[in-house]
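If you want this note's numbering, it's the 1-based position in the sequence shown plus 6.
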Amino acid sequence: MPSDGQDYPNDADRLRRGAAQRFKEAELPLAKLWTYYYGIGGDLDEMSLDAYLHEALDIPAVQVTLVATAMAEMTEGDLL
Numbered sequence: 007m008p009s010d011g012q013d014y015p016n017d018a019d020r021l022r023r024g025a026a027q028r029f030k031e032a033e034l035p036l037a038k039l040w041t042y043y044y045g046i047g048g049d050l051d052e053m054s055l056d057a058y059l060h061e062a063l064d065i066p067a068v069q070v071t072l073v074a075t076a077m078a079e080m081t082e083g084d085l086l
């Protein structure tokens with residue numbers, strides 16, 4: 007783990023790009039994804055989630071994890 011923290015922005019960029027790509031590939035409806043994400047404890051509004059998934063907004067790490075969890079659970083469980 008780097009002591010100066012310089013790699014952390016790159017990690018955030020990589021995670022954001024990955025989430026955006028998975029969102030596009032899964033063709034999840036934004037409203038359904040947001041509802042599921044919010045239901046498992048997410049606290050972003052739908053517009054902020056949309057901005058994050060279009061790589062226009064950075065969000066806290068815990069929210070990144072919740073977005074990833076929601077997408078994984080929805081696509082694995084066919085909750086579309």
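Positions of the beta carbon are idealized from the N, C-alpha and C atoms, including for glycine.
Bear in mind that the values here come from a model prediction, so they are computed numbers and not experimental data.
First and last residue of the uninterrupted alpha helix (DSSP H) at residue i
| i | result |
| --- | --- |
| L45 | One point to set straight first is that residue 45 is Gly, not Leu, in the sequence displayed. It spans L36 to G45 - the alpha helix (DSSP H) in which G45 sits, taken as one unbroken run. |
| E61 | Per DSSP, E61 belongs to no alpha helix (DSSP H) and is neither H nor E. |
| L50 | Looking at the DSSP string, L50 is not in any alpha helix (DSSP H), and its letter there is neither H nor E. |
| E79 | A67 to E82 |
Residue i vs residue j beta-carbon contact at 8 Å
| i | j | result |
| --- | --- | --- |
| R23 | E61 | yes |
| Y42 | A78 | no |
Proximity to residue i [Cα-Cα], best of the options
| i | options | result |
| --- | --- | --- |
| A25 | G45, T81 and V73 | V73 |
| L59 | N16, D17, L50 and F29 | F29 |
Count the CB pairs spanning the stretch 67-79 and the stretch 43-57 that are closer than 8 Å, and state whether there are at least three.
yes
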